[in-house]
Amino acid sequence: LYSYVDNDVGLNGGVDVDSISNVTEDINSILYDNIIAPVVYPNRKKSVLNHNFGLRLQALPFKDARLGFTLYYKDYKDEINDEDTVVIKYKNLTETYGATLNYNHRFNMVSFQVLGTYEDNKTINNHEGDKFYDQTYDYNYLSLSGILSFHLLNDLLTPSIFYNYSTKEISDSNSSNSMNRSGLGIDLQLSLHQNFSVYLGYSSYEQTDSYNPTTVEFGGRYSNQNLKVDLKIFSRNDFVQYQMLEHNVPIPPNISAAEDITGLGIIFNYQYWKFLLETNTSYYFNIDGNDISNLPDLQFTSGLFVNDKFFDNNLYLKAGFIYYYTGNIKSPTANFGIVDVEPSHKVDLSVAGEIREVAIVYFAWENLFNHQYYITPFYPMREINIRFGLAWELFD
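Start counting at 1 in the sequence shown, then tack on 30, and there's your number in this note's numbering.
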């Protein structure tokens, strides 16, 4: 496996709404103008050069057993122009070696799965003009997980227990810090019918030395040849997330306020003849704690497609319109406190086709009606935008 990335992206800090407010009270009159809207850092950008190498092994070592093993190497370089200068000020070089393991085995009514990840990372940070901040970081990470399941009553009832242990160590020329974490969970899946099942799960893990978030989830799924309905309700308590201070300095999680959140997710897909309706909805009932969850109260995506095979089954086509709705967001910012982001929506046209199971062609016309909005303050989303691509399988 190999992938290559070479790109440049602007890091302008978003639109400078302070400068706009000095000119007019109607910020939106300038905010979405690509030509005259001022930005915080006009010349700042990030250049990335990335090489990824991987070797994957898949095998069936025993009866009812599957093994997956991957070795990978990543070479990553990024350069950042900071503030209002075209001179490169920050350069980061990162080398990463890693391996992953996934082993599944079933003995009659008992099955187990072992998951493992190891990663060794070395990063060199160079700050041009200020060598005091030059640093070399070494990062080591190890994670081991196990899942034990019991398949009872001809797989109608499946209770499972799982455990995870991880350790990470970060060191530089001045200090070293290590962290050990663990998590435990149980779940139960009951197949009431060939097409209908319910699920109940509970988990707890050490997020910090002070907080052990717990999650409870309940769900049900029904599916047949034309219909799929998947409903999940969850509640997560006592979890923390990074927040921002001025100058983009993150508050470590162990001094952030804990939050509780409850929500549901619904997937509803229905196929009628050559038409496919797909919907995905997420709704959060309650966001407690410090009220800086940075989550929309409602997210809804719905697509109506022509979805079938054509031309003697030589072309598999999925083409249609997709509607996106993002609800109200209370978004933390470095300089403006909590910004109340209003709900937004857009419509895209999407066309994807697979030709003879060899070539894939896709085309997307995004934000068809040129709706002006932002999700992250104050970064206006793209206006009408076109994407297209082609993938071809050369060897099988």
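Glycine residues also receive a C-beta, built at the ideal position from the N, C-alpha and C atoms. Remember, predicted model here, so these are calculated numbers, not experimental data.
- Cβ-Cβ distances below 8 Å link N397 to K376, V377, D378, M411, R412, E413, I414, N415 in the same chain, with the five nearest sequence neighbours on each side left out; the list follows chain order.
- In this structure, the CA atom of K262 is about 20 Å from the CA atom of L186.
- For H401 and N207, the gap between their C-alpha atoms comes out near 47 Å.
- Restricting attention to beta strand (DSSP E) runs no shorter than 3 residues, the stretch 160 to 239 encloses them at 165 to 180, 187 to 201, 206 to 223, 226 to 235, ordered along the chain.
- Within the same chain, and ignoring the five residues on either side of S141 in sequence, the residues whose Cβ sits closer than 6 Å to its Cβ are S179.
- With contacts defined by Cβ atoms closer than 9 Å, K121 and E158 form a contacting pair.
- Straight-line measurement puts the Cα of G43 at about 24 Å from the Cα of D164.
- When DSSP reads this structure, L261 sits in a beta bridge with G250, I296.
- Beta-bridge analysis with DSSP links H401 to no other residue.
- Inter-residue distance for A288 and V388 is about 49 Å (C-alpha atoms, whole angstroms).
- Here DSSP, grouped into helix, strand and coil, assigns D150 to strand.
- The straight-line gap separating the alpha-carbon atoms of E199 and K360 is approximately 34 Å.
- With distances taken between CA atoms, L172 lies nearest to N151 out of N151, P189, F264.
- DSSP places D48 in the uninterrupted alpha helix (DSSP H) bounded by 47 to 51.
- A distance below 6 Å between beta-carbons, with the five flanking residues on each side excluded, links S221 to the following residues of its chain, in chain order: L186, S227.
- Secondary structure note for L79: its beta strand (DSSP E) is the uninterrupted segment 75 to 89.
- I60 sits in a helix when the DSSP states are folded into three classes.
- Under the DSSP assignment, K376 falls in the beta strand (DSSP E) whose first and last residues are 374 to 385.
- Contact between the stretch 31 to 50 and the stretch 58 to 74 is present, with at least three C-beta pairs closer than 8 Å.
- Under the three-pair Cβ rule at 8 Å, the stretch 93 to 109 counts as touching the stretch 120 to 135.
- The DSSP-derived three-state label of V270 is coil.
- When secondary structure is reduced to three states using DSSP, L131 falls in the strand class.
- The residue among S253, Y404, V381 with its C-alpha nearest the C-alpha of L420 is V381.
- Taking C-beta atoms as the reference points, Y235 and R211 count as a pair closer than 9 Å.
- Only residues of its own chain outside the window of five on either side were considered, and among them G295, Q329 have a CB closer than 6 Å to the CB of S312, listed in chain order.
- Comparing C-alpha distances from L182 to each of G215, M139, L424 shows the shortest one belongs to M139.
- C-alpha of K93 to C-alpha of L87: approximately 17 Å in a straight line.
- With distances taken between CA atoms, S265 lies nearest to F248 out of F248, V35, P362.
- Secondary structure note for F393: its beta strand (DSSP E) is the uninterrupted segment 389 to 396.
- N82 and Y34 have their C-alpha atoms some 6 Å from each other.
- For A421, the enclosing beta strand (DSSP E) starts and ends at 415 to 422.
- Nearest in C-alpha terms to W422, of all of L123, G333, I385, is I385.
- Excluding the 5 residues flanking it on each side, D36 has same chain C-beta neighbours closer than 8 Å at V78, L79, N80, in chain order.
- Secondary structure of D327 (DSSP, three-state): coil.
- If the five residues before and after S51 are omitted, its C-beta is found closer than 7 Å to the C-beta atoms of I57, all from its own chain and listed in chain order.
- Close CB contacts of K119 within its chain, under the 6 Å cut and outside five residues either way in sequence, are with D112, E158 (chain order).
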